[in-house]
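K.L.:
Numbering follows this note's numbering, in which position 12 of the sequence shown is assigned residue number 32; successive positions increment by one, without gaps. Pasting in a structure now, in structure tokens, and then I'll have a few things to ask.
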Amino acid sequence: MSRTIFCTFLQREADGQDFQLYPGELGKRIYNEISKEAWAQWQHKQTMLINEKKLSMMNPEHRKTA
21 MSRTIFCTFL QREADGQDFQ LYPGELGKRI YNEISKEAWA QWQHKQTMLI NEKKLSMMNP
81 EHRKTA
């Protein structure tokens with residue numbers, strides 16, 4: 021059963037993440053404040069940015085951008 025959170029990105033109640041995606045404080049914030057829908061939107065946007073700017077995640081400078 022999914023949990024419901026108030027998503028700070030969407031500014032409404034939505035299904036929360038099933039598990040913490042990142043370690044540490046950032047991971048806790050994402051888990052508690054970002055919904056599955058908002059996370060999916062970010063992943064789509066991130067993929068678009070990587071492709072449009074021809075970034076390589078093997079390059080440390082490019083990883084800072086994405």
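Idealized CB from N, CA, C, for every residue including glycine.
Compute the beta-carbon to beta-carbon distance between residue 33 and residue 39, rounded to the nearest angstrom, for a pair I have assumed lies under 8 Å.
P.N.:
The count along the sequence shown starts at 1 and reaches residue 33 at position 13. The count along the sequence shown starts at 1 and reaches residue 39 at position 19. Not really, about 20 Å apart at Cβ, beyond 8 Å.
K.L.:
List the residues that DSSP assigns as beta-bridge partners of residue 70.
P.N.:
For the purposes of this step, residue 70 is identified with residue 50 of the sequence shown, where counting begins at 1. Bridge partners of residue 70: none, in fact.
K.L.:
Which residue's Cα is closest to the Cα of residue 41: 29, 55, 31 and 28?
P.N.:
If you number the sequence shown from 1, residue 41 lands on position 21. Among 29, 55, 31 and 28, the Cα nearest to that of residue 41 is on 55.
K.L.:
Using the beta-carbon count (16 or more within 10 Å), is residue 37 buried or exposed?
P.N.:
Within the sequence shown, residue 37 is the residue found at index 17, counting from 1. Buried is the call here.
K.L.:
Return the residue from the list 22, 24, 53 and 30 that minimises the CA-CA distance to residue 61.
P.N.:
Taking the sequence shown and counting its residues from 1, one reaches residue 61 at position 41. Looking at the Cα atoms, 30 is the closest of the given residues.
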